[in-house]
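One structure is given below, encoded as structure tokens.
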Amino acid sequence: MADIIQLLPDHVANQIAAGEVVQRPASVVKELLENAIDAESTEIKLIIKDSGKTLIQVIDNGKGMSVTDARLSFERHATSKIRSAEDLFNLHTKGFRGEALASIAAIAHVELKTKQEQDELGTQIEIEGSDLKAQNVVVTPKGTSLAVKHLFFNIPARRNFLKSNAVELRHIIDEFHRVALAHPSIVFAMYHNGSEIFNLPSSNYRQRVVNIFGGKTNEKLVPVEETTEVLKISGFVGKPEFAKKTKNEQFFFVNNRFIKSPYLNHAINSAFEGLVKDGAHPSYFLNLTVDPKTIDINIHPTKTEIKFDDEHTLYAILRSAVKHSLGQFNIAPVLDFDSDPNLNTPYDYKDKSVATPPTIEVDRDFNPFKEKVSHGGGSSKPAVAFKKQNTSSWDSLYVGLESKSTQQDHNFSEVEFESDSKNETLFDDSQTETTQATYQLHNKYIVSTIKSGMLMIDQHRAHQRVLYENLLKNMTVKEAVSQQLLFPLQLHFSSTELPILIQLKEDLESTGFAFSSVKDHTIEITGVPLGVPESEVSIILEQLISDVEQEVPDSNFSATDLLAKSMAKSLAIKTGQSLNKQEQEHLVNSLFACKEPTVSPTNKTTFITMSVDDIDKKFM
Ligand code: ADP
Ligand code: MG
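Its first residue numbered 747, the sequence shown is counted upward by one per residue in our numbering.
Encoded structure:
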């Protein structure tokens, strides 16, 4: 039999490699920006059209390439950055695999213009899908310009899988942030469809963070500095009260390279433990410097994951450095056992004896078993919605639920499939709506009895469903009631977040939000939906932005629906929240008054039933 093994032609090998290196336009941005940095540029410009689908161009003023190098740069494993395997353990450049340009040229139309300082004229090369189309001598400034057009032109499947322009742009901006943050002394500019998105002058690290994330960031930053034998840490963490719903402001750089490390992220979270609310993510911008010999960057082609020799030590140092900074800047209470107590006592009191000893007052009538008359002012959590005395402010979110008996019967019959007979109601006859027994399990589920057995409701999902349907209704009939704020609320957003909110402004207004002005990263809010606590507003909007950024599918995206889902998620009572009987019953009743009580707005099961038969079986 004849031999059947063949070496793949280069252009096929390149296309396969491209699949790993280039997942989306943002991957090209990353590779080109890193090449510009490796070329020792001091000014780098990124030009994007249609979120990179039409054009990605990087222009730098770095050292450029000779004619031969320009041609070679598109060959696979062609790199000027390492010469031998040993060099791998002493890397000071971003690139080293020599794969990026070859891969990109295999799946796009690429135009390179480059010139070295000492040369009079430069080189221009055009390649389409690994085919050299043109090579010319041109007049061009010192440095390199690389333009990538029609990305994935020969891989339609890839092209079709690209997300909406908003999502792809978000990824590109993320890459831009990472590179720009790692190199504050380099001047960066970014343009999208002709308009300038960033213009970052050469600066120090703090200024770079502020220039990217907006002027208000400055007051949030707490410096972190630590130098040990194995590791140097420098940078900033955000004060805990500014922790965000999204992870957009979390950056680790190791030797100036952005990395993702769930393990080190955990170290930071544990330093913040008890200081930030559940579900909030502290901001951090941290540079770690380690001996290049102690890390292995080679484990992933896109190089955002690296391996450390001694992760445990890094974890401990990082955690304690962050803790220390938070303590030092009076953000976390510290107990310092080593300090001399006299030093902390105001001078005048140092040697005084105690004049009047403090007395203890005891309420002898106190009886812990006596029922409290009122529930007290209590929480501002949405759960108050269920307290009868307080329902007014939340009624708007439950419009139509009060007159539910008829509708309810109808809806109950929809879930009756669990009970034996179609004509029976779901609940025991003896148990009317208000006396039906409910029980809260682990502050998470509400258990109730039904004719056929028992019902278990996920409180968070159920409430999401209830809020979602009401929000949608309010938004479509535009009758939501707005509650005027005494003092307008000013919220700051970055240049990527603001357009999202502006796009959703009308829908937000139909839920009851009122905006008075939008200028330079700041939105002034004068009204909020009735019943939404002022303290929740920024969380709701942040959640909304992150939902839009991350979850927008390409087609049939309805802003109204997404907004209703997102707000329902933010406002719904959380798992872990204890509910009194009345609240539990109200939730059960409201859920079954919904059009689709069986699933949450994100299609997750809201309740399960267990029939007596099932239970009987368990006892067999
Ligand atoms: P790597 O960066 O891993 O070496 P690339 O495919 O990204 O591989 O680039 C191949 C080579 O092309 C680089 O090693 C470098 O010599 C050259 N090169 C790429 N981009 C530039 C640039 N902007 N300026 C100067 N040289 C560049
Ligand atoms: Mg490279």
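Just so it is clear, CB atoms sit at the ideal spot from N, CA and C, and this is done for glycine as well. Just so we're clear, the structure is a prediction, and the values are computed from it rather than from any experiment.
If you run the structure through DSSP and keep just helix, strand and coil, what is residue 1166? Note on residue 1166: pLDDT 37, under 50, position unreliable in the model; no value is reported.
Heavy atom of the ligand MG less than 8 Å from the Cβ of residue 809, yes or no? no
Terminal residues of the alpha helix (DSSP H) in which residue 1069 lies: 1057-1074
Helix, strand or coil, according to DSSP, for residue 988 in the structure here? helix
Reducing DSSP to helix, strand and coil, say where residue 844 ends up. coil
Compare the Cα-Cα distances from residue 891 to each of 897, 906 and 862 and report the closest residue. 862
Kindly indicate which three-state DSSP category residue 1221 falls into: helix, strand or coil? helix
Can you tell me whether residue 777 is buried or exposed? The criterion is at least 16 other CB atoms within 10 Å of its CB, across all chains shown. buried
Can you give the Cα-Cα distance for residue 1394 and residue 856, rounded to whole angstroms? Outside the displayed span of the chain (747 to 1366) sits residue 1394, for which this structure offers no information.
Taking just the CA atoms, how far does residue 1282 sit from residue 1271? 13 Å
By Cβ distance, which residues of its chain are closer than 8 Å to residue 1231, with the 5 residues on each side in sequence left out? 1271, 1272, 1273, 1274 and 1280
Would a C-beta distance cut-off of 9 Å place residue 1214 and residue 1203 closer than the cut-off? no
Should residue 1365 go down as buried or exposed, given a rule of 16 or more other Cβ atoms within 10 Å for buried? exposed
Relative to the C-alpha of residue 1227, which residue among 1360, 995 and 1260 is closest? 1260
Is residue 1339 near the ligand MG, in the sense that its beta carbon is under 8 Å from a heavy atom of that ligand? no
Near residue 936, which residues of its chain fall below 6 Å by C-beta distance, leaving aside the five closest residues on each side in sequence? 792, 922, 943 and 944
Helix, strand or coil, according to DSSP, for residue 1257 in the structure here? helix
According to DSSP, what are the bridge partners of residue 1003? 1000
Contact test: residue 1220 Cβ vs the ligand ADP heavy atom, cutoff 8 Å: no
Candidates 820, 1319, 1064 and 1194: closest to residue 1013 by CA position: 1064
When DSSP builds the beta bridges, which residues end up paired with residue 1184? 1194
The stretch 1027-1044 touching the stretch 983-1001, judged by at least three CB pairs closer than 8 Å: yes
Using three-state DSSP, classify residue 1262 as helix, strand or coil. strand
Let me check understanding here. Comparing Cα to Cα, which of 1258, 1266 and 933 lies closest to residue 1224? 1258
To which residues of the same chain is residue 1086 closer than 6 Å at the C-beta, ignoring the five residues directly before and after it? Caution applies to residue 1086, whose pLDDT of 45 falls short of 50 and renders its modelled position unreliable; the model cannot decide the point.
Does residue 855 come out as helix, strand or coil in the three-state DSSP assignment? strand
Below 6 Å CB to CB, which residues in the same chain sit around residue 988 once its five sequence neighbours on both sides are set aside? 966
State the CB to CB distance for the pair residue 959 and residue 1240, rounded to an integer number of angstroms; the pair is presumed to be in contact (CB under 8 Å). 6 Å
Secondary structure of residue 1213, DSSP reduced to three states: helix
Within this structure, are the beta carbons of residue 1209 and residue 1333 separated by less than 9 Å? yes
Measuring straight from C-alpha to C-alpha, what distance separates residue 759 and residue 752? 12 Å
Assumed close pair residue 968, residue 983 - CB separation to whole angstroms, cut-off 8 Å: 5 Å
Excluding five sequence neighbours on each side, which residues of the same chain lie with their C-beta closer than 7 Å to the C-beta of residue 1372? In the structure displayed, the chain extends from 747 to 1366; residue 1372 sits before or after that span and is not available.
Less than 9 Å between the beta carbons of residue 1278 and residue 1317, yes or no? yes
Residues bridged to residue 969 by DSSP? 982
Considering Cα atoms alone, identify which of 1246, 1263 and 1253 is closest to residue 1234. 1263
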